[in-house]
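Note sheet for the following structure.
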Amino acid sequence: MIVLDKVNKYYGDYHALVDISERVDQNEVLVVCGPSGSGKSTLIRTLNRLEEIDAGRIEVDGRDIHAKGADVNALRAGIGFVFQHFNLFPHLTVLENCTLAPVRLGRASKGEARAYAMQLLEQVGLAHKAGAYPDALSGGQQQRVAIARALAMRPPIMLFDEPTSALDPEMVGEVLQVMRALASQGMTMVCVTHEMGFARDVADRIWFMSEGKILEKATPQDFFANPQHPRARQFLADRRRD
Amino acid sequence: MLELIDTYWLYFLVGQYPEGPLGGLALTIVLSGAALLLAMPLGLLLGVARVSPWRALNVPVAVLVHVVRAVPLLLVLFWAYFFLPAVTGVKTSQAATMLIVLVLFDSIYLAEIVAAGIRALPKGQFESARSLGLGYGAALRHVVLPQTLRHGLPSIVNQLVSTIKATSLGYIIGLSEVSFIATQINTLVFTRAVEVYLVLALTYFILCFGLSRLAFLLERRLQRRPAAQAAGIMKASVR
């Protein structure tokens, strides 16, 4: 579904992504983890072209998304993206946040978009907040709305960039629960996260990144029981100590 | 003073109209109003162009902004009135010249307000709009600008108030707006400058203070009912 071929990215002299060649299959839940500054966020942001790449190819469903002249908007409409800082639109209600893109992009009539948005808000447990503005919601609630907003475009792929890192600890669970439900419905997901419990339970595979490289790719069982790379071992040891 | 007002009120309000062109307070109001209506959409466009990623757009606007900001309005008015006709051979009326200069200045200052507002908005707002598949223009229109304009409302009002006051510079090129008329009246009655200019000062004060109170009320209403309506109101006024 997503194929990366020798992807390289630089920030000036800094080599942020080094020769990444990998693939993500349909219905797969992939967790990307690693120390901060390892290139995880950069990597996931290249998948919907929020970041440009300097060399290599990224294909989503067979389309080269970094090709010159590629229709970035159409491509992004098919890839849900959830940000660390939610980025809800503060001037719109929860419901309007979820209907803006489908209506403006002509994917649905106003009525259809509202009905589907309400269904999604129901799923994330926030139908009763449909008329509220984002600043009246807790962080966990905002992130659940952000997930519903992304799902409103009916994307076959969802990307999560540290979706729980900006949350108070007691709100992490409610967001992970929504993500678990999505995974169980067969959504193709790429999640950059530090939540090792989620990775262990939900991920089909884990990529461990450090210094712009994928140092280890493994099933959660292998990764947690028997990490191969010394850095991965170190990373897991640090996590356990927390 | 009452007697003064009693004698000259009509002249003060409309100048020599209907015998001559419209002047006085009416001209001042018409000029400021027209300048605002024209400068708002233009300022919005220039502001958006100023922060756009395309150099062909943002460089010319940046140059224009720096030039206009560094030159007094009065000087541009002189240029427009005396120099341009000499070069182009087309003579524009005082009112049209004043209007053009006001629109130019206003739209540049408004553009800077809009541009600053866009820059101040967290980058995530634009990114999340784009990540949903909205194009550059749609993200600006539906996500960035409604928030920018709302935050920029106090500065925008400031600019509008200073436009009203700037119309008085038309006096220099003989435009019969309200300051010019007041001077005329002063010449006619000769010994009552204090009273004449007190009435003039009061007139400007009522106009400008009235506008800023209006804006204040609007702002308070926006705050009470969060910004969905704000977006609507601003959009309406921008159109």
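Those protein sequence lines, which keep their order, are chains B and X. If you're matching positions, the first sequence starts at 4 in our numbering and goes up one per residue. If you're matching positions, the second sequence starts at 26 in our numbering and goes up one per residue. In this text, a Cβ means the ideal position worked out from N, Cα and C, and glycines have one as well.
Residue(s) in a DSSP beta bridge with Y13/B: Under DSSP, the beta-bridge partners assigned to Y13/B are H18/B.
Nearest-angstrom Cα distance between E244/X and F92/B? Looking at the two C-alpha atoms, the distance is approximately 20 Å.
I'd like to know if the segment 89-108 of chain B and the segment 161-177 of chain X are in contact, where contact means that at least 3 CB-CB pairs between them fall below 8 Å. With a cut-off of 8 Å, the segment 161-177 of chain X and the segment 89-108 of chain B count as touching, because enough Cβ pairs lie within range.
Between the segment 121-135 of chain B and the segment 73-88 of chain B, do at least 3 Cβ pairs fall closer than 8 Å? Touching, no, given that fewer than three Cβ pairs across the two stretches are closer than 8 Å.
Under 8 Å by Cβ, that's how I've got A80/B and L108/B pegged, so tell me the actual separation to the nearest angstrom. Approximately 6 Å separates the beta-carbon atoms of A80/B and L108/B; this is inside 8 Å, confirming the contact.
Applying a beta-carbon distance threshold of less than 7 Å, which residues of chain B neighbour P171/X? In chain order, H94 make up the part of chain B whose C-beta sits under 7 Å from the C-beta of P171/X.
Can you pull out the residues from the segment 34-55 of chain B whose beta carbon lies closer than 8 Å to at least one beta carbon of chain C? No chain C appears in the structure shown, which is made up of the protein chains B and X.
For K216/B, three-class secondary structure by DSSP: K216/B: strand per DSSP, three-state reduction.
Could you have a look at L146/X and say whether DSSP puts it in helix, strand or coil? DSSP places L146/X in the coil class of the three-state scheme, outside both helix and strand.
Consider the Cβ of E152/X: report whether some Cβ of chain B lies at a distance smaller than 8 Å. Look at E152/X: its C-beta is under 8 Å from a C-beta on chain B.
Consider the Cβ of R60/B: report whether some Cβ of chain X lies at a distance smaller than 8 Å. No, no contact with chain X.
Mind pulling the chain X residues with CB within less than 9 Å of A77/B? Ordered by position in chain X, the residues that pass the 9 Å Cβ test against A77/B are G158.
Would you call the CB atoms of T167/B and L179/B closer than 8 Å? A contact, by the Cβ cut-off of 8 Å.
Does the beta carbon of L103/B sit closer than 8 Å to a beta carbon anywhere in chain X? Judged by the 8 Å Cβ criterion, L103/B is in contact with chain X.
Quick one: list the residues of chain B neighbouring R75/X, beta-carbon separation under 7 Å, in chain order. Under the 7 Å cutoff, chain B gives no residues; its nearest Cβ is about 22 Å from R75/X.
Rounded C-alpha distance that separates R117/B from A151/B: Rounded to whole angstroms, R117/B to A151/B spans 12 Å at the Cα level.
Determine whether the beta carbon atoms of G177/X and S132/X lie at a separation below 8 Å. No, they are not a contact pair.
Where DSSP assigns a beta bridge to T191/B, which residues make up the other side? Beta-bridge pairing links T191/B to I160/B.
Pairwise C-alpha distance: R246/X and A256/X: For A256/X, the predicted structure reports a pLDDT of 47, less than 50, and the residue's modelled location is therefore unreliable. The matter cannot be settled from this model.
Per-residue burial, F163/B [other beta carbons within 10 Å of its own, 16 or more giving buried]: With 16 or more other Cβ atoms from the protein chains shown falling within 10 Å of its own Cβ, F163/B counts as buried.
How would you write the range of the beta strand (DSSP E) that R60/B sits in, first residue to last? Taken as a continuous stretch (DSSP letters only), the beta strand (DSSP E) holding R60/B covers 58-63.
Counting only the same chain and skipping the five closest in sequence on each side, list residues whose C-beta sits under 8 Å from that of K116/X. Cβ neighbours of K116/X beyond the five flanking positions: P110.
Give a yes or no on whether the C-beta atoms belonging to G142/B and A169/B are separated by under 8 Å. Less than 8 Å separates the beta-carbon of G142/B from that of A169/B.
Contact set between F86/B and chain X, taken where Cβ atoms lie within less than 9 Å: Residues of chain X with a Cβ closer than 9 Å to the Cβ of F86/B are, in chain order, G149, E152, S153, S156.
Say whether chain B places a C-beta atom closer than 8 Å to the C-beta of A207/X. No, no contact with chain B.
Neighbourhood of R52/B by C-beta distance below 6 Å, restricted to the same chain and skipping five residues each side: Correct list, in chain order: I68, V75.
Cβ atoms of L98/X and L56/X: under 8 Å apart, would you say? Against a cut-off of 8 Å, the Cβ pair of L98/X and L56/X comes out as no contact.
Segment limits, beta strand (DSSP E) that includes F205/X: F205/X -> not in any beta strand (DSSP E); alpha helix (DSSP H) instead, spanning 203-214.
Comparing C-alpha positions only, which one of Y106/X, T32/X, H91/X, F130/X sits nearest to A64/X? Ranked by Cα distance from A64/X, the options Y106/X, T32/X, H91/X, F130/X are led by F130/X.
CB-CB length for L232/X against I189/X, believed under 8 Å: Contact between L232/X and I189/X holds, since their C-beta atoms are separated by about 5 Å, short of 8 Å.
With a cut-off of 8 Å on the beta carbons, I'd call K132/B and Q146/B a contact; round off their distance for me. Actually they do not touch by this definition, with Cβ atoms about 13 Å apart.
Can you name the start and end residues of the beta strand (DSSP E) that G3/B belongs to? Not covered by the structure: residue 3/B. The range shown for chain B is 4 to 245.
Give the range of the alpha helix (DSSP H) segment to which V76/X is assigned. Careful: V76/X lies outside any alpha helix (DSSP H) and carries neither H nor E.
Could you name the residues that DSSP lists as bridge partners for C36/B? Residue pairing by DSSP places C36/B opposite F211/B in a beta bridge.
Simplified DSSP assignment, three categories, for E220/X: E220/X falls in the helix class under three-state DSSP.
Cutoff 8 Å: R66/B Cβ touching any chain X Cβ: Proximity of R66/B to chain X, defined by a Cβ-Cβ separation below 8 Å, is not satisfied.
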